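As numbered in the numbering used here, the sequence shown has no gaps in its residue numbers, which increase by one up to the final residue, 978. Data first, discussion second: the structure below is written as structure tokens.
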Amino acid sequence: MPPPAEHANAAAMFDPVPALEKIVASLDRDAREPTKLRGLLVPELRRVIEAGHKDAERLLLKERDGLACAQRLSRLTDAVVRAIYDAVVWRLYPNDNPSTGEHLAIVATGGYGRGTMAPGSDIDLLFLLPYKQTAWSESVVEAMLYVLWDLKLKVGHATRSVEECLREGRADMTIRTALLESRFLFGSRSLFEELVTRFDTELVIGSATEFVDAKLRERDGRVAKAGASRYLVEPNVKDGKGGLRDLNTLFWIAKYTYRVRDQAELVHAGLFTPDEYRLFERCEEFLWRVRCHIHFVTGRPEERLSFGLQPKIAERLGFGARGGLSGVERFMKAYFLIAKDVGDLTAIVCAELEARHAKRTPVLDRWIGRFRDRFRATSMEAEDFWIDNGRVNIRGEDTFERDPVNLIRLFWLADRHNLALHPDAARLANRSLKLITHGVRTDPEANRLFLDILTSKNAPETILRLMNEAGVLGRFIPDFGRIVAMMQFNMYHHYTVDEHLLRSLGVLSAIDSGRVREEHPLASRLIDTIHNRRALYVAILLHDIAKGRPEDHSIAGAAIARKLGPRFGLSQAETETVAWLVEHHLLMSMTAQSRDLSDPKTIEKFASVVQSLERLKLLAILTVADIKAVGPGVWTAWKGTLLRTLYDETEVLLSGGHSEIARTDRVRLIQMALREQLADWGAEVFDAYAARHNQAYWLKVDGTRHFKNARFLRTVMEEGRTSATTYETDPIRGVTELTVYSPDHPRLLAIITGACAATGGNIVDAQIFTTTDGFALDSIFISRAFERDEDELRRAGRIATAIERALKGEIKIAELVADKHPKEPVKTFLVPPDVSIDNALSSRETVVEITGLDRPGLLYELTTALNRLNLNITSAHVATFGERAVDVFYVTDLTGTRVMQPDRLALIRAAVMEVFASDVAALRAEGLDALVDSPPPREL
């Protein structure tokens, strides 16, 4: 099979062939022994490979052509393999007159067979024999492989006869795919041609459907493993959805089904239009460019575009900051748009294959993301559309030109009748985006149809994702188009902004339909009582629409909402509700997670912003959907409990009730539920236990933890202990929880956090409570370090032991932490530290809110700094949002009153900022003095 067409370039490049020929020619004639030959050959070959890679990297940076780089590296490998063969045959196993059985063909297979390689790619070789292996061919193959292994190259190899290749390929689809990509290197060409001919006639003919089904099933499994969304913010460039392997799969399917030998033949075969083929080439080049850069930067076959790599690759590709986006965010947006284009090409191939009956419908349905019909429509209510095999299709190529509103109506019909889109209709919609002009955007009918889709009881997330994939959504709402494929360079958000918004809609739809009552009881109860359902759906769609702009995205988003509301057909009141929700969409989450909910001032301040029960309900539902859609493990039962507590407290205040009465009632109900679970406890024992906890504990802790803590404390009391620890893993959140029970004292939190820091535990969350008889009951959540539970629990045991020993005074935490001497980590993220000190948020304590770059031991350093100032930490609210730590401490002076003196407040600020001294230095070194002096508002 012929090699890929040469990628034109005018730049001078390193030619390895003359250098390799010289090396082989200069080999010592006495090098007749394999070990001696390798000793002479390997160092010289290594130098050639290093020179070839260095030159390929130089040209990649100069020409910015990833495909040319991949082809250049493949040719380098061709030359090296040929040189090894020549040296082995010439010096070790000469054979001037081989018998028929000693013919040998060296064949490249797999990715190497395509003639494209990244710097760290495997070298897949097939040593092809006429029939069984001879002593000569076995010796040659073995000697070649030893040289390749000594070069530290990763080699995939097989030695088979033609018959064995066909037999193995018939039984194993992976081997069949490798043979499909085979490329002759050197040796017996006639042997290779026999394989090609028999492969076509004996394996390929009549088996296209089987092959396509297998490849698509394989692709489903691969994508599920790498991440089911193409918008994961740390994508796998090779195996992820929208990555290189998806393009490979398309070409394998086309090559097998249409029997094309070269990608350029895909247009002639009718699979792609010329424009679509140019898109295929553009996607392939970009993905190869990114992959080659990753390998060059890391020096290994790394395929995941991690946060640590993204800034480096962005710089290498020439992306700089512009329009409110950093260079890395602009680069990742370009990456995700390419991934989206790969998805479009996928749908095109599926449509063509279906038209030619090359594959079965169930596979097509899975491939294009078809959702299940709830009922079948028997007639279509528009003359321009019809139901084509259970999918909405267009009646003619002029459907959208005659009436551009049909571009919205297409998706409205799919939603109304619970049908999937026909790929032909989606393809034509994508080609017709220019028809969505200002006139269509302001057309009342188009906006009515869109609002119907958005607020549908069926599957708004599914339909809007189809609209987004086709490009219609971003064209119809240009402000949405700005955030399509936009990533946020942080560790908190798992998806691009548009994907997050669509997933938020999916969560809201699930709440609305009653499907998640157990997981989200508060939101599920509230959804049936709201009066502004349309406003809520619009607010969910728009809440992050202004991300990536220089101004605060909440305020800018509210302005966009005021512009779009009337266009969508919302009333003035509905529009103002949407704008308020967008502007304040972070308020409830931040209040619940970083404020003392048992302090009446917290509730009063929150209620003064919310002002009405309807807004409170809407904001509560929006907050649940927003958090849940951030990514796996972000929503927790504890967050649900905090939100419910904040809702309940505020509801009482806004409805004119007395909060103490309401709290008492709620606490009694919670205690009754726990009493039922602790059936083996006597009434006196339970009442005594319940009396040890204050209202804040009962209201802020979820039911599962109430039960666990009760059992834990009962055991501790029965054993006569005054301090104890327990621990368990949380596989959903990917954290390990340590619960500590001890007599309370001012430095307790510093001791616990110090023990975690000294043993390598990074605290990401904490719940801190004090019993009425002076004992602390603290739950600390640390990042997981090991994949296996057994290993992680052993680590948790070491941390718990360190805490217990420190509490008993057997070890000094300060010395332990000092001995740790952590190496200063490379700062992938730069988070400007900020300290806010407020005496108006609480009537009893001073509130110190600290934001900065999270790191192991940070909480220990902060608590130690506050303790040194003789401050008593009465309440701590610890949270991490990816790389950003947000720690809030409620403190008093030693007399138990708020800190009011200006000089003491200045000392607190200075002490906290000293903890972040290295972060400040890193920011100033990057020329970001303005961020240090005036940190931007916190955005999630």
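The C-beta atom is built at its ideal place from N, Cα and C for all residues, glycine as well. Given the structure is predicted, the values throughout are model-derived calculations rather than measurements.
Per DSSP, the continuous beta strand (DSSP E) segment holding residue 808 begins and ends at 801-808.
For residue 315, the enclosing alpha helix (DSSP H) stretches over residues 312-336. The C-alpha of residue 652 lies about 43 Å from the C-alpha of residue 903.
Residue 241 sits away from residue 168, with the two beta carbons spaced by 8 Å or more.
Here DSSP, grouped into helix, strand and coil, assigns residue 925 to strand. For the stretch 226-295, not one full-length beta strand (DSSP E) segment reaches 3 residues or more.
Here the C-alpha atom of residue 513 lies approximately 7 Å from the C-alpha atom of residue 474. Per DSSP, residue 750 lies in no beta strand (DSSP E) segment; the continuous alpha helix (DSSP H) that holds it begins and ends at 741-756. Straight-line measurement puts the Cα of residue 646 at about 25 Å from the Cα of residue 609. In the DSSP assignment, residue 87 falls within the alpha helix (DSSP H) that extends over 72-101. Residue 503 is classed as buried because its beta carbon has at least 16 other beta carbons within 10 Å across all chains shown. In the displayed model, residue 165 falls within a strand according to three-state DSSP. Annotation: the continuous beta strand (DSSP E) that includes residue 774 extends over 773-781.
DSSP assignment within the stretch 590-673 yields the following whole alpha helix (DSSP H) runs of 4 residues or more, N-terminal first: 591-606, 610-621, 625-632, 638-648, 651-666. If you check the CB distance, residue 275 and residue 534 do not come in under 8 Å.
In the three-state DSSP reduction, residue 914 falls in the strand class (E or B). Around the beta carbon of residue 599, a 10 Å sphere encloses 16 or more other beta carbons of the protein chains shown; the residue is thus reported as buried. Residue 744 sits buried, since 16 or more C-beta atoms from the chains shown fall within 10 Å of its C-beta. Going by beta carbons, residue 291 and residue 387 fall inside the 8 Å limit. The three-state reading of DSSP puts residue 172 in coil, since its state is none of H, G, I, E or B.
Comparing C-alpha distances from residue 107 to each of 154, 130, 78 shows the shortest one belongs to 154. In the structure shown, residue 138 adopts helical secondary structure according to DSSP, grouped into three states. Within the DSSP secondary-structure output, residue 768 pairs in a beta bridge with 773. Contact check between the stretch 808-817 and the stretch 776-794: three or more CB pairs, one atom from each, fall below 8 Å, which counts as touching. A distance below 6 Å between beta-carbons, with the five flanking residues on each side excluded, links residue 94 to the following residues of its chain, in chain order: 107, 110, 111. Segment contact: the stretch 199-215 against the stretch 87-105, fewer than three CB-CB distances shorter than 8 Å; contact not assigned. Apart from sequence neighbours up to five positions away, the residues of its chain that approach residue 949 with a beta-carbon distance below 8 Å are 903, 904, 906, 907, ordered along the chain. Straight across, the Cα-Cα distance linking residue 690 with residue 700 is about 7 Å. Residue environment for residue 895: buried (at least 16 other C-beta atoms within 10 angstroms of its C-beta). Residue 483 is classed as exposed because its beta carbon has fewer than 16 other beta carbons within 10 Å across all chains shown.
With contacts defined as CB atoms closer than 8 Å, residue 961 and residue 953 fail to qualify as a contacting pair.
With a threshold of 16 other beta carbon atoms within 10 Å, residue 370 meets it and is buried. Annotation: residue 551 is outside any alpha helix (DSSP H) and is labelled neither H nor E by DSSP. Residues 272, 274 of the same chain have their beta carbon placed closer than 7 Å to that of residue 342, with the five preceding and five following residues left out of the count. Take residue 487, set aside five residues on each side of it, and the residues of its chain with a beta-carbon closer than 7 Å to its own are 446, 447, 450, in chain order. Closest in alpha carbon position to residue 217, among 225, 227, 196, 226, is 196.
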